[in-house]
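Data block below; observations after.
Number of protein chains: 2
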Amino acid sequence: MSNLSSRIEFGENICDVIRRELLSGKFAFDEPIREQKLANRFGTSRGPVRDALLRLTQEGVLVYEANKGVRVNSPLSDEERSVVVEMRLHLEKFCLEKFLTRADASDFDQISILLERLSSACNRASLPEVAECDLALHRYWVAQASPHLESTWLGLSVRMIMKYSRLTNYDEIEREHSNIVQAIMERDLKKALFFLEANVI
Amino acid sequence: MSNLSSRIEFGENICDVIRRELLSGKFAFDEPIREQKLANRFGTSRGPVRDALLRLTQEGVLVYEANKGVRVNSPLSDEERSVVVEMRLHLEKFCLEKFLTRADASDFDQISILLERLSSACNRASLPEVAECDLALHRYWVAQASPHLESTWLGLSVRMIMKYSRLTNYDEIEREHSNIVQAIMERDLKKALFFLEANVI
DNA sequence: GCATTCAGGATTGTTAACAATTTCGTTTGA
DNA sequence: TCAAACGAAATTGTTAACAATCCTGAATGC
């Protein structure tokens, strides 16, 4: 129970890089995103870039308009965001419960590594890295528990973070995740769900 | 408040055709899907077909493996499906409420047309058409209430239907949707949500 | 007989060129 | 002065060719 595909899938690495930059607020809302520019930057042709942009469009980060390309999507309304938060929580609680019953030693190792990476990013106070490590940690138990629902979860989470990133108090983020991971290690479901609920807001 | 983009977006029409066939069970689980074959069929090159396949991969209908292309995804487990159902319900109830307060006469016209189309498909007892019209009707109020969340909703709904389509008792389907639409026309939120909940299972 | 190796054909991945469309500044006309 | 028409530049959409990878089945060695 442990695989982290490092393969390139339909331009996924390009996709991850762009997503990270979007989450860290590198592009303004409504700012158009040019295929050729990105292709030059990544040293590829426009094909793989288009794949990545299409992925992000499906995730809801970008929005597409025929013959005009993609631009950064407008943020969710408060109402929409709260719906998304509840959906994500429902899904992630299911995954966390499943994960807790199945996780083995190597999973604990992986989680420890991911938590360590998050702490490190918090210490460096680097917003884009914190956002990425935060997602990567949660993503681990989701992917392990239900690969089927991983992309659904990712879409919800990314859209959630985009609205307004609560990612400013780095100490708090570090503590929250430390609590979740500790509860997982103790296989204490109730505690884990409690801390998860406190974190996913 | 009424727009139905008929534009081709990243090969969306190809995408819709393939999705319909997948939902109607034309392809077996795990069956590989060949780009060139589809390109020949649609009279295009492989580019637009790849776009469509990537979309469906993001939706969760297809699953992708590097250098091997896509194949029909395996069905959700019962547990996963019930999580998806609850997420979809949560989202769609939010949209239905919003739609009910904002819908105008032209929206009612559109809904009537879509309901009529569904009834017609039920009478012809054509499974692929029933599935498509069913989705199209629900999709209308979701898209009107929250364009942001339309693709999220679509992914959940498609994945839900794939598991096992309850779409066998055509009379019941027709009645259920007639009830929902009637409640909408009367702007009776409680009744509309009640019938929706009975339908989305 | 059985596993291994090695073509070749089939399929996906990438690229560059071309077609279609949009964008934007300039000209034109009233 | 302003708005419409025009055209060049920029951008997206599509295509066919090529590269890289995977699959299949026959040949090979044990």
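Keeping their order, the protein sequence lines are chains L and P.
Be aware that the first sequence starts at 154, since it is given in our numbering, and climbs by one per residue.
Be aware that the second sequence starts at 154, since it is given in our numbering, and climbs by one per residue.
All C-beta atoms in this analysis are idealised placements derived from N, C-alpha and C, irrespective of residue type, glycine included.
Should the segment 198–210 of chain L be called in touch with the segment 239–247 of chain L, which here means at least 3 C-beta pairs below 8 Å?
As far as the Cβ criterion goes, the segment 198–210 of chain L does not touch the segment 239–247 of chain L, which means the pair count is below three.
Minimum Cβ-Cβ distance from residue 290 (chain L) to chain P less than 7 Å
Counting from one through the first sequence, the residue named residue 290 (chain L) turns up at place 137. No, residue 290 (chain L) lies away from the interface with chain P (no Cβ there is under 7 Å from its Cβ).
Whole-angstrom distance between residue 171 (chain L) and residue 185 (chain L), CA atom to CA atom:
For the purposes of this step, residue 185 (chain L) is taken as residue 32 along the first sequence, with counting starting at 1. For the purposes of this step, residue 171 (chain L) is taken as residue 18 along the first sequence, with counting starting at 1. Residue 185 (chain L) and residue 171 (chain L) have their C-alpha atoms spaced approximately 13 Å apart.
Sheet register partners of residue 186 (chain P) (DSSP bridge):
The residue given as residue 186 (chain P) occupies position 33 in the second sequence. Answer is P:223, bridged to residue 186 (chain P).
Using a Cβ-Cβ cut-off of 7 Å, state whether residue 240 (chain L) counts as contacting chain P.
What you label residue 240 (chain L) is simply residue 87 of the first sequence in a count that begins at 1. Residue 240 (chain L) counts as touching chain P.
Those residues which DSSP pairs with residue 217 (chain L) across a bridge:
Reading the first sequence from its first residue, position 64 is the one you call residue 217 (chain L). Beta-bridge partners of residue 217 (chain L) (DSSP): L:223.
Helix, strand or coil: which one does DSSP assign to residue 242 (chain P)?
One-based indexing of the second sequence puts residue 242 (chain P) at position 89. Here residue 242 (chain P) sits in helix by DSSP.
Top-ranked residue by Cα proximity to residue 355 (chain L), from L:253, L:175, L:296
Given that chain L is displayed from residue 154 to residue 354, the structure contains no residue 355 (chain L) and the question cannot be resolved.
Determine, using beta carbons only, whether residue 229 (chain P) comes closer than 7 Å to chain L.
Start at 1 with the first residue of the second sequence, and residue 229 (chain P) comes out as number 76. Contact with chain L is found for residue 229 (chain P), since one of that chain's Cβ atoms lies less than 7 Å from the residue's Cβ.
Cβ of residue 312 (chain P) within 7 Å of Cβ of residue 237 (chain P)?
The residue labelled residue 312 (chain P) in the question sits at position 159 within the second sequence. The residue labelled residue 237 (chain P) in the question sits at position 84 within the second sequence. For the pair residue 312 (chain P) and residue 237 (chain P), the CB atoms are nearer than the 7 Å cut-off.
Taking only the alpha-carbon atoms, compute the straight-line gap between residue 207 (chain P) and residue 207 (chain L) and give it to the nearest angstrom.
Start at 1 with the first residue of the second sequence, and residue 207 (chain P) comes out as number 54. Start at 1 with the first residue of the first sequence, and residue 207 (chain L) comes out as number 54. Their Cα atoms are separated by approximately 8 Å.
Would you kindly check if the distance between the Cβ of residue 286 (chain L) and the Cβ of residue 327 (chain L) is under 7 Å?
Taking the first residue of the first sequence as position 1, residue 327 (chain L) is located at position 174. Taking the first residue of the first sequence as position 1, residue 286 (chain L) is located at position 133. No, Cβ-Cβ distance for residue 327 (chain L) and residue 286 (chain L) is not below 7 Å.
Does the distance from the CB of residue 301 (chain P) to the CB of residue 229 (chain L) come in under 7 Å?
Mapped onto the second sequence, residue 301 (chain P) falls at position 148. Mapped onto the first sequence, residue 229 (chain L) falls at position 76. Taking the C-beta atoms as reference points, residue 229 (chain L) is found nearer than 7 Å to residue 301 (chain P).
Contacts around residue 353 (chain P), its chain only, beta-carbon distance under 7 Å, and the 5 residues preceding and following it disregarded
Position 200 of the second sequence, counted from the start, is the residue given in the question as residue 353 (chain P). Contacts found: 238, 241, 242, 245.
Could you tell me the alpha carbon to alpha carbon distance between residue 298 (chain L) and residue 257 (chain L), rounded to whole angstroms?
Translated into the one-based positions of the first sequence, residue 298 (chain L) becomes position 145. Translated into the one-based positions of the first sequence, residue 257 (chain L) becomes position 104. Counting only the Cα atoms, residue 257 (chain L) lies some 12 Å from residue 298 (chain L).
Pick from P:261, P:211, P:304 that is closest to residue 335 (chain P), judged by C-alpha positions:
Here residue 335 (chain P) is taken as the residue at index 182 of the second sequence, counted from 1. Considering only alpha carbons, the answer is P:261.
Chain L beta carbons: is any one of them nearer than 7 Å to that of residue 330 (chain P)?
For the purposes of this step, residue 330 (chain P) is taken as the residue at position 177 of the second sequence. For residue 330 (chain P), the answer is no, since every Cβ of chain L falls outside 7 Å of its Cβ.
Measuring CB to CB, does residue 348 (chain L) end up less than 7 Å from residue 337 (chain L)?
Here residue 348 (chain L) refers to the residue found at position 195 of the first sequence. Here residue 337 (chain L) refers to the residue found at position 184 of the first sequence. In terms of Cβ geometry, residue 348 (chain L) and residue 337 (chain L) do not form a close pair [threshold 7 Å].
Anything in chain L within Cβ reach of residue 208 (chain P), meaning under 8 Å, just list it in chain order.
Position 55 of the second sequence, counting from 1, holds the residue named residue 208 (chain P). Within chain L, 207, 211 have C-beta atoms less than 8 Å from the C-beta of residue 208 (chain P), given in sequence order.
Which of the three DSSP states is assigned to residue 208 (chain L) in this structure?
As a working mapping, residue 208 (chain L) is identified with position 55 in the first sequence. Note: residue 208 (chain L) maps to helix in three-state DSSP.
8 Å contact criterion, which residue 281 (chain P) and residue 198 (chain P) should meet: CB distance rounded
As a first step, residue 281 (chain P) must be located in the second sequence, where it is residue number 128. As a first step, residue 198 (chain P) must be located in the second sequence, where it is residue number 45. The Cβ separation is near 26 Å, so there is no contact.
Quick one: which residues of the segment 238–270 of chain P get their C-beta closer than 7 Å to a C-beta of chain L? List them in chain order.
Residues passing the 7 Å Cβ filter: 239, 240, 243, 244, 247.
Buried or exposed: where does residue 351 (chain P) fall if 16 or more other Cβ atoms within 10 Å of its Cβ makes it buried?
Along the second sequence, read from residue 1 onward, the residue named residue 351 (chain P) stands at position 198. Answer is exposed; the Cβ neighbour count stays below 16.
Looking at the unbroken alpha helix (DSSP H) that takes in residue 347 (chain P), where does it start and where does it end?
As a first step, residue 347 (chain P) is located in the second sequence; it is residue number 194 there, counting from the start. Residue range 342–352 is occupied by the alpha helix (DSSP H) that includes residue 347 (chain P).
Within the same chain, show all residues whose beta-carbon is closer than 8 Å to that of residue 265 (chain L), passing over the 5 residues directly before and after it, in chain order.
As a working note, residue 265 (chain L) is residue 112 in the first sequence. Cβ neighbours of residue 265 (chain L) within its own chain (closer than 8 Å, five residues either side excluded): 334.
For a quick check, are the C-beta atoms of residue 323 (chain L) and residue 278 (chain L) less than 7 Å apart?
Here residue 323 (chain L) refers to the residue found at position 170 of the first sequence. Here residue 278 (chain L) refers to the residue found at position 125 of the first sequence. Taking a C-beta distance under 7 Å as the contact criterion, residue 323 (chain L) and residue 278 (chain L) qualify as a contact pair.
Between residue 363 (chain L) and residue 314 (chain L), what straight-line distance do the alpha-carbon atoms span, to the nearest angstrom?
Residue 363 (chain L) is absent from the model: chain L starts at 154 and stops at 354.
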